[in-house]
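Contents: one structure, followed by commentary.
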């Protein structure tokens, strides 16, 4: 029998899946105007959240994927929070080893305070060995460092004093902003169960979400957690195009019927929030414009979200 109680499962299925948008702070669309336009339009049409992602120094190979311009995420998020009023603002995901955790905690608690409690903190251990090297950060030990840094951030956000030192402002949200832990591997899932509130994989298939959910159930007791307390959120590329095949490995790319089936399938699996990439993550999205992003956002807000 599923370790989740029936009432919890029923509650998950009765909650509308929320939808957020990655902001164009990198690749070919990156500009102040683009960030402002997408952030404010997402709020105006009732989407739930706006998001930034994290890179600092890019190799030549990485610029082919991310572009040459990449606005720093925490500074960008502060700007996005300042020009909006209600939409949630989040990171997907801050690479924990890249920054001093005390500075990260201070920056993010400040954003949560200034935004009136709208922050979602997505974090991960990172994957780019070249970028770790360029920053002078140990790549091989990134998992242990991520665990230690995340523990420190949580302490700073929840304890009155650390080693006799004062940390203010603490976040508006109590005990702290929602923590989404990225990583599709079992190590990422373990980190989410031990230290987070949500598991946040990138581009998973439905089967991978199902397997991750099973892993959460298998290990939750080890960390004194009820698996029903650990949510699932995902980040996915999105494009409706009737000319494309319905591919289960690309659940949100293709004909409308395929994409809608995927949304309902992911919701049934317990996914409560999806961050959508409209200009990045797949080759077919690399030539999108701000106007095409706006059109896709309209489809999400008008045609898809109400049915979830």
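In my numbering, the protein residues as written are 11 to 318. We treat Cβ as the ideally placed atom computed from N, Cα and C, and that holds for glycine.
Assigned exposure category for residue 12 - 16 Cβ within 10 Å defines buried: Confidence at residue 12 is low in this model, with a pLDDT of 35, below 50, so its placement is unreliable and the value that follows should be read with caution. Residue 12 is exposed by the Cβ-count criterion.
Three-state secondary structure assigned by DSSP to residue 145: helix
Segment contact, 8 Å Cβ cut-off, at least three pairs: the region 137-157 with the region 92-101: no
Endpoints, the beta strand (DSSP E) within which residue 285 is located: 281-287
For residue 235, three-class secondary structure by DSSP: coil
Which listed residue (192, 298, 229) has its alpha carbon closest to that of residue 100: 192
At least 3 beta-carbon pairs within less than 8 Å: the region 150-164 vs the region 133-142: yes
Enclosing beta strand (DSSP E) for residue 247 [first to last residue]: 241-247
Boundaries (first-last residue) of the beta strand (DSSP E) holding residue 274: Per DSSP, residue 274 belongs to no beta strand (DSSP E); it is in the alpha helix (DSSP H), 266-278.
The alpha helix (DSSP H) enclosing residue 154, as first and last residue numbers: 152-168
Environment of residue 58 [buried if 16+ CB atoms lie within 10 Å]: buried
Straight-line gap, residue 250 to residue 39 (C-alpha atoms, nearest Å): 20 Å
Distance, residue 208 Cα to residue 19 Cα: In this prediction, residue 19 has a pLDDT of 34, which is less than 50 and means its spatial position is unreliable; nothing more can be read from the coordinates.
Terminal residues of the alpha helix (DSSP H) in which residue 102 lies: It is not in any alpha helix (DSSP H) - residue 102 instead sits in the beta strand (DSSP E) that spans 98-105.
Spatial distance of residue 166 from residue 228 (CA atoms): 30 Å
Residue 131 (DSSP reduced to helix, strand or coil): strand
Cut-off 7 Å between Cβ atoms - residues of its own chain near residue 259, not counting five sequence neighbours on either side: 215
Secondary structure of residue 175, DSSP reduced to three states: strand
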